[in-house]
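Asks: Sharing a structure with you now.
There are 2 protein chains.
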Amino acid sequence: MNAATHREFKDRLFEQFARVGKALSSPKRLEIVDLLAQGERTVEEIARETAMSVASASQHLQALKAARMVEARREGLYAHYRLADEDVFRTWQAVRSLAESRLSEVDSVVEAYLVDRDALEAVDATELMERLSDGNVVVLDVRPEEEYRAGHIPGALSVPVDALEAVLQTLPRDREIIAYCRGPYCVFSDEAVALLRSRGYRAHRLRQGLPDWRAAGMPVEG
Amino acid sequence: MNAATHREFKDRLFEQFARVGKALSSPKRLEIVDLLAQGERTVEEIARETAMSVASASQHLQALKAARMVEARREGLYAHYRLADEDVFRTWQAVRSLAESRLSEVDSVVEAYLVDRDALEAVDATELMERLSDGNVVVLDVRPEEEYRAGHIPGALSVPVDALEAVLQTLPRDREIIAYCRGPYCVFSDEAVALLRSRGYRAHRLRQGLPDWRAAGMPVEG
DNA sequence: CATATATTCAACAGATTAGTTGAATAGCAT
DNA sequence: ATGCTATTCAACTAATCTGTTGAATATATG
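Here the protein sequences line up with chains E and B, keeping their order. Quick note: the first sequence uses the numbering used here, first residue 92, plus one each step. Quick note: the second sequence uses the numbering used here, first residue 92, plus one each step.
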């Protein structure tokens, strides 16, 4: 292969790789990917949950679809979008974790909005996995119920954070409670743990969310 | 946290994550990351190897530095750039492999420029690792010698592809030869295997490059 | 000190991208 | 069919990005 041809080859090849990078280069698109990791969503739901106009959400979805990272299923009036495969989540995970480890600004943002998060003493997936077999721990899935139905940690109870207050008394006071959520930056579990502690329960946050749990090869039920 | 604050939190957080995505959204920057995975380089070297002007290379390097993905070391007149850590390569690997699995265009490009690549019967890292202990295989590092010096597969011989012709007769005819290179799309090993085969050697290509080998936790020498 | 070289910076032009608005499309309900 | 709703498309503007050019900076050498 001569030099000019070799350059052409590389240009075309890296142009393809960059399609994936470009898809991951917008905050809103990353948020969509993170959201779709919970399960499929209609355009309207995505628009609402990411605070975008429907047209804007649709356009970002087209961009993700052009990079073959999401797929749509049409059902009646609604287009249901989902991640095209597990690797999409893994790639987003790699980007997220690189940002976590290299960009101190991520910590600054977290600290600015989630005061004293360390106090919630997050537990890691592997740690929870061990304790699950001991059976001396109660796991709460504090996401919206629909997400629980789409898959949850085996044995976890579905207690959407808004419903927590109401079911508080049914929770055993003698066992440790671990609340989990959508991902490492999902605040539902922070709120749940704070409420539980204020009522005298021993509660912790699971550091990872369900998609991370699943991607780590841990068992998922339902 | 009220809804408006929550939105602000997410916006700032995902803005940070997107810095990594943006850094990976240009073909040239991906090529730089891929190149730096071989070891550090000066701006001029990067510009030459990626077919860019020096000013352009410098700007892309600034962009990567702003995302804290590369670091520079100044030595006399020269700025030596390197990947900031192993996770940067792993993230690039994730992007690359997502593109490979989801974008059929990657295959089209490879097939268009590397005719009959399958014929070279690539060997996987794990497979090579097993055969290494048997000792019945010769491993050739066909990258420029300097890259060999910066780290290579234990026991591999440094035979830059241009030098292969000259050392052909010193290679044993009775053992299988496996040539490796910079990465899965590096063509040096293709050329080496083609030449070796045309002279009657049993030769194969290692599917992964040295950075992939290293990232997979395989031993690296030198 | 003057000169040479590697790199960075600043200013610019052209291309691409993000978000908005309003219209078009497609499928359901009546 | 008519209306209703979810989604997509098209046109537009503002903002951002890429590459180029030439100047500025920094560090070596004579």
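Beta carbons: idealized from backbone N, C-alpha and C, even for Gly.
Contact check, B:Ala190 vs B:Pro302 under 8 Å by CB: the rounded distance?
Replies: Along the second sequence, one-based indexing puts residue 190 of chain B at 99. Along the second sequence, one-based indexing puts residue 302 of chain B at 211. That pair is no contact at about 17 Å.
Asks: Spell out the partners DSSP gives E:Ile173 in its beta bridges.
Replies: Sequence index remark: in the first sequence, residue 173 of chain E carries index 82 (1-based). Reading off the sequence, residue 173 of chain E comes out as Arg, not Ile. Paired residues: E:Glu162.
Asks: Spatial neighbours of E:His171 within its chain, please: CB distance less than 8 Å, with the 5 preceding and 5 following residues excluded, ordered by chain position.
Replies: Walking along the first sequence from the start, residue 171 of chain E turns up at place 80. Only Glu131, Arg132, Thr133, Ala163, Arg164 and Arg165 meet the Cβ criterion.
Asks: Is it true that the region 219–231 of chain E meets the region 213–220 of chain B, where meeting means three or more beta-carbon pairs spaced less than 8 Å apart?
Replies: No, because fewer than three Cβ pairs between the region 219–231 of chain E and the region 213–220 of chain B fall closer than 8 Å, the two stretches do not touch.
Asks: Taking the continuous beta strand (DSSP E) assigned at E:Ile269, which residues delimit it?
Replies: Here residue 269 of chain E is taken as the residue at index 178 of the first sequence, counted from 1. Note, E:Ile269: beta strand (DSSP E), Glu267 to Tyr271.
Asks: Report yes or no: is there a C-beta of chain E within less than 7 Å of the C-beta of B:Val206?
Replies: On the second sequence, residue 206 of chain B is found 115 positions in, with the first residue counted as 1. For B:Val206, the answer is no, since every Cβ of chain E falls outside 7 Å of its Cβ.
Asks: Would you call the region 229–242 of chain B and the region 279–290 of chain B touching, i.e. three or more CB-CB distances under 8 Å?
Replies: yes
Asks: Note the first and the last residue of the continuous alpha helix (DSSP H) segment covering B:Asp102.
Replies: Counting from one through the second sequence, the residue named residue 102 of chain B turns up at place 11. Here the alpha helix (DSSP H) through B:Asp102 covers Ala94 to Ala114.
Asks: Return the CA-CA distance between B:Asp176 and B:Met160, expressed in angstroms with no decimal places.
Replies: Indexing the second sequence from 1 puts residue 176 of chain B at position 85. Indexing the second sequence from 1 puts residue 160 of chain B at position 69. Answer to the nearest angstrom: the Cα atoms are 7 Å apart.
Asks: Are the beta-carbon atoms belonging to B:Leu255 and B:Ala285 less than 7 Å from one another?
Replies: Here residue 255 of chain B corresponds to residue number 164 of the second sequence, with the count starting at 1. Here residue 285 of chain B corresponds to residue number 194 of the second sequence, with the count starting at 1. For B:Leu255 and B:Ala285, no; Cβs fall outside 7 Å.
Asks: Taking DSSP's pairing of strands, which residues face E:Glu312 in a bridge?
Replies: One-based indexing of the first sequence puts residue 312 of chain E at position 221. DSSP lists E:His243 as partners of E:Glu312.
Asks: Go ahead and label E:Thr182 buried or exposed: buried means 16 or more other beta carbons lie within 10 angstroms of its beta carbon, across all protein chains shown.
Replies: The residue given as residue 182 of chain E occupies position 91 in the first sequence. The residue in question, E:Thr182, is buried, as its Cβ has 16 or more Cβ neighbours within 10 Å.
Asks: Grab me the residues of B:Val197's own chain with a C-beta within less than 6 Å of its C-beta, minus the 5 sequence neighbours each way, in chain order.
Replies: For this step, residue 197 of chain B is matched to residue 106 along the second sequence. The answer, listed in chain order, is Ala190 and Glu191.
Asks: Please name the residue in B:Asp265, B:Ser149 and B:His97 whose C-alpha comes closest to that of E:Tyr204.
Replies: Indexing the first sequence from 1 puts residue 204 of chain E at position 113. Closest by alpha carbon: B:His97.
Asks: Given 8 Å as the limit, is there contact between the region 100–116 of chain E and the region 297–311 of chain E, that is, 3 or more CB pairs closer than that?
Replies: no
Asks: What's the gap between the Cα of E:Gln184 and the Cα of B:Leu259?
Replies: As a working mapping, residue 184 of chain E is identified with position 93 in the first sequence. As a working mapping, residue 259 of chain B is identified with position 168 in the second sequence. If you take the alpha carbons of E:Gln184 and B:Leu259, they lie about 45 Å apart.
Asks: I want to verify the contact list: residues of chain E whose CB lies under 7 Å from the CB of B:Lys101, in sequence order.
Replies: Your numbering for residue 101 of chain B matches position 10 in the second sequence. Going along chain E in sequence order, the residues near B:Lys101 (Cβ under 7 Å) are Glu122.
Asks: Classify E:Pro245: buried if its beta carbon has 16 or more other beta carbons within 10 angstroms, exposed otherwise.
Replies: In the first sequence, residue 245 of chain E corresponds to position 154, counting from 1. Answer is exposed; the Cβ neighbour count stays below 16.
Asks: For a minimum of 4 consecutive residues, which ranges assigned as the alpha helix (DSSP H) are wholly contained in the region 198–247 of chain B?
Replies: 216–225 and 236–240
Asks: Which runs of the alpha helix (DSSP H) fall wholly inside the region 117–146 of chain E and span at least 4 residues, in chain order?
Replies: 118–127 and 134–140
Asks: Helix, strand or coil for B:Arg181, going by three-state DSSP, please let me know.
Replies: By 1-based counting over the second sequence, the position of residue 181 of chain B is 90. In the three-state DSSP reduction, B:Arg181 falls in the helix class (H, G or I).
Asks: Among B:Gly167, B:Arg288 and B:Glu122, which one has its Cα closest to the Cα of B:Ala152?
Replies: Stepping through the second sequence from its first residue, residue 152 of chain B is reached at position 61. Reading off the sequence shown, one finds Leu at residue 152 of chain B, where the question assumed Ala. With distances taken between Cα atoms, B:Leu152 lies closest to B:Glu122.
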